[in-house]
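According to numbering that gives the first Met the number 0, the residues represented by the sequence shown are 0 to 312, in order. Here's the structure, in structure tokens; my notes come after.
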Amino acid sequence: MNIDKKFKGNVIPVVTPLTAQCTLDTEALERMFYNLIHHKASPFILGTTGESASFSVEVKNDYIKQALRLKPADAVLYVGISSNSIEESVEMAKRSFDAGADAVAATLPTYYSLTTDQMKRYFTELANQVTGPMLIYNIPATTHMSIPLSLIDELSYHEKVAGTKDSERNMERLTQSLKLWASRTDFSHFVGWAAQSAYGLLNGSDGLIPSTGNLAPEIYCRLAEAVDNNDAEGAYYYQHQSDVLGNLYQSGRLLGQSLAALKALMQEVGLCRSTMMSPLQELSSVENKTLVSDFYELIEKEGIVLNKLNHAR
């Protein structure tokens with residue numbers, strides 16, 4: 000992170016906090032945003048971690064409105080606009096930018112398998128129609144497709160394409176990405192694979208987008224500070240903390256189940272309820288009890304220090 004870019008740093012893919020009636024929980028959102036901003040992180044709403052595919056336009060619009068209300072003037076807000084309908088994505092981008100968002104992020108549509116040429120035409124059409132900066136979001140876990148690096152590099156010269164978030168778990172791909180874009184002043188690369196956060200930053204990535212940052216943004220704040228101080232040992236120390244916390248709620252679970260486990264832990268530390276939007280479901284009471292017990296055992300064993308204001312037992 001040696002080059003000063005607008006789109007950089009720790010960006011947290013924020014969960015969508017819900018009331019028991021599955022409406023947006025604005026009080027919880029205030030706590031969550033305070034926790035993120037306090038730890039120098041920028042919010043990314045309506046992404047995969049935010050269960051965006053499950054929400055109505057009304058809920059999404061309310062989330063954008065509340066996020067802009069809570070965001071400090073000097074913070075950057077990212078909004079997910081992914082949809083199987085390009086018209087819906089364009090309209091969501093318009094609403095986001097009209098409200099004051101700084102950038103939007105889009106995955107591929109998720110229903111049909113696409114050729115590379117179809118991917119190119121899709122992102123080009125989308126970029127031509129959005130009114131502000133857009134990140135290309137590569138996440139094969141949900142789209143079941145990998146966007147070729149050569150295509151992202153070609154698209155990176157479009158005036159509206161400002162960067163990429165890459166969640167693909169492929170070390171060769173990550174290394175090649177950094178060779179392509181670390182020195183670019185007009186294009187940002189974000190690591191979406193939390194297990195390689197330290198490696199990514201130490202080798203020129205512009206930032207991180209870790210879901211565990213919802214629970215413990217301080218870990219990524221300290222990791223980034225270590226990198227800024229050329230302290231590789233310190234960076235990997237906090238990488239380990241990220242790894243063990245992530246494994247706690249992700250290992251052995253499907254993506255949707257891991258999001259339910261993440262919300263369960265966030266409820267335990269007083270950030271939001273564990274309510275999930277259908278079709279996803281909360282953990283069973285037995286699973287929740289075991290998870291919470293393992294959480295306290297883990298943070299004590301690993302010496303993980305969390306913000307006492309929001310993480311008091």
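C-beta: ideal position from N, C-alpha, C; glycine also.
### Query
Hey, how far is the Cα of His-37 from the Cα of Leu-214?
A direct Cα-Cα distance of roughly 13 Å separates His-37 from Leu-214.
#### Entry: Under 8 Å between C-beta atoms of Ile-218 and Gln-195
Not in contact: Ile-218 and Gln-195 (Cβ atoms no closer than 8 Å).
### Query
What's the C-alpha gap between Ala-259 and Thr-25?
If I take the Cα positions, the gap works out to 19 Å.
#### Entry: Residues of its chain near Ile-80, where Cβ-Cβ distance is below 6 Å and the 5 sequence neighbours each way are ignored
When the five nearest sequence neighbours on each side are left out, the beta carbons in the same chain lying within less than 6 Å of the beta carbon of Ile-80 are those of Ser-88, Met-91, Ala-92, Val-103, Ala-105, in order along the chain.
#### Entry: Neighbour-count burial assignment, His-143, 16 or more Cβ in a 10 Å radius
For His-143, the number of other beta carbons within 10 angstroms of its own is below 16, and it is reported as exposed.
### Query
Shortest alpha-carbon distance to Pro-42 belongs to which of Ser-257, Asn-229, Lys-119, Glu-29?
Nearest C-alpha to Pro-42: Glu-29.
### Rounded straight-line distance, which links the Cα of Leu-270 to that of Leu-305
One C-alpha to the other measures close to 13 Å.
### Task
Assign Ile-146 to buried or exposed, taking buried as 16 or more other Cβ atoms, counted over all protein chains shown, within 10 Å of its Cβ.
Buried.
### Query
For Tyr-198, is the classification buried or exposed, using 16 other Cβ atoms within 10 angstroms of its Cβ as the cut-off for buried?
When all chains shown are included, Tyr-198 counts as buried.
### Query
So which of Cys-220, Ile-135, Glu-301, Pro-132 has the shortest CA-CA distance to Asn-9?
It is Cys-220 whose Cα lies nearest to the Cα of Asn-9.
### Task
Using beta-carbon positions only, say whether Asn-34 and Pro-216 come within less than 8 Å of one another.
Cβ distance < 8 Å, so Asn-34 and Pro-216 count as in contact.
### Task
Consult DSSP for Met-276 and reduce its assignment to one of helix, strand or coil.
Here Met-276 sits in coil by DSSP.
### Task
Measure the beta-carbon distance from Phe-373 to Asp-205 and round it to whole angstroms, keeping in mind my assumption that it falls under 8 Å.
Look at the range of the chain in this structure, 0 to 312, and you will see that residue 373 is not part of it.
### Task
For my contact list, Thr-130 and Phe-96 are in at a C-beta cut-off of 8 Å; report their separation, rounded to the angstrom.
Indeed they touch by this definition, with Cβ atoms about 5 Å apart.
### Message
Once DSSP output is grouped into helix, strand and coil, what is the label at Asn-9?
### Response
Three-state DSSP puts Asn-9 in a strand.
### Message
Please report the distance separating the alpha-carbon of Val-285 from that of Val-243.
### Response
Distance between Val-285 and Val-243, taken at the CA atoms: about 21 Å.
### Task
Would you tell me roughly how many angstroms separate the C-alpha atoms of Asn-137 and Asp-165, rounded to the nearest one?
The C-alpha of Asp-165 is placed about 5 Å away from the C-alpha of Asn-137.
### Query
Do you know how far the Cα of Ser-176 is from the Cα of Ser-223?
Here the sequence assigns Ala to residue 223, which means Ser is not the residue at that position. About 19 Å.
### Query
Under the rule that 16 or more other beta-carbon atoms within 10 Å means buried, what is Gly-245, buried or exposed?
Counting of Cβ neighbours within 10 angstroms places Gly-245 among the buried residues, the total reaching 16 or more.
### Task
Name the residue from Leu-207, Glu-50, Leu-201, Tyr-62 whose alpha carbon lies nearest to the alpha carbon of Glu-232.
Relative to Glu-232, the option among Leu-207, Glu-50, Leu-201, Tyr-62 whose CA is nearest is Leu-201.
### Task
Report all residues from its chain with a CB closer than 7 Å to the CB of Gln-378; omit the five preceding and five following residues, and keep chain order.
Residue coverage of the chain in this structure runs from 0 to 312, which leaves residue 378 outside it and unanswerable.
### Message
On a Cα-Cα basis, can you pick out the residue from Gln-249, Ser-273, Asp-73 that is closest to Trp-192?
### Response
Comparing Cα-Cα distances from Trp-192 to each of Gln-249, Ser-273, Asp-73, the minimum goes to Gln-249.
### Task
In the DSSP assignment, find the unbroken beta strand (DSSP E) run with Val-103 in it and report its ends.
Boundaries of the beta strand (DSSP E) around Val-103: 102-105.
### Query
Based on the DSSP output, what are the partners of Pro-209 in its beta bridges?
DSSP lists no partner for Pro-209.
### Task
Just the C-alpha distance for Thr-115 and Leu-207, rounded to the nearest angstrom, thanks.
Going from the Cα of Thr-115 to the Cα of Leu-207 covers about 26 Å.
### Task
Using 10 angstroms around the beta-carbon of Thr-289, count the other beta-carbons present and answer buried if the total reaches 16, otherwise exposed.
Exposed, since its Cβ has fewer than 16 Cβ neighbours within 10 Å.
### Query
Skipping 5 residues on each side, what residues in its chain have a beta carbon closer than 7 Å to that of Cys-21?
If you ignore the 5 residues before and after Cys-21, its C-beta comes within less than 7 Å of the C-beta of Thr-274, Met-276, all in its own chain and listed in chain order.
### Query
Around the Cβ of Tyr-132, are there at least 16 other Cβ atoms within 10 angstroms (buried) or fewer (exposed)?
Residue identity check: residue 132 is Pro in the sequence provided, not Tyr. Buried, by the Cβ-count rule.
### Reduced DSSP secondary structure (H/G/I, E/B, other) of Tyr-121
Note: Tyr-121 maps to helix in three-state DSSP.
### Query
Of the choices Leu-254, Pro-139, Ala-52, whose alpha-carbon is the least far from that of Glu-167?
Nearest option by C-alpha distance: Pro-139.
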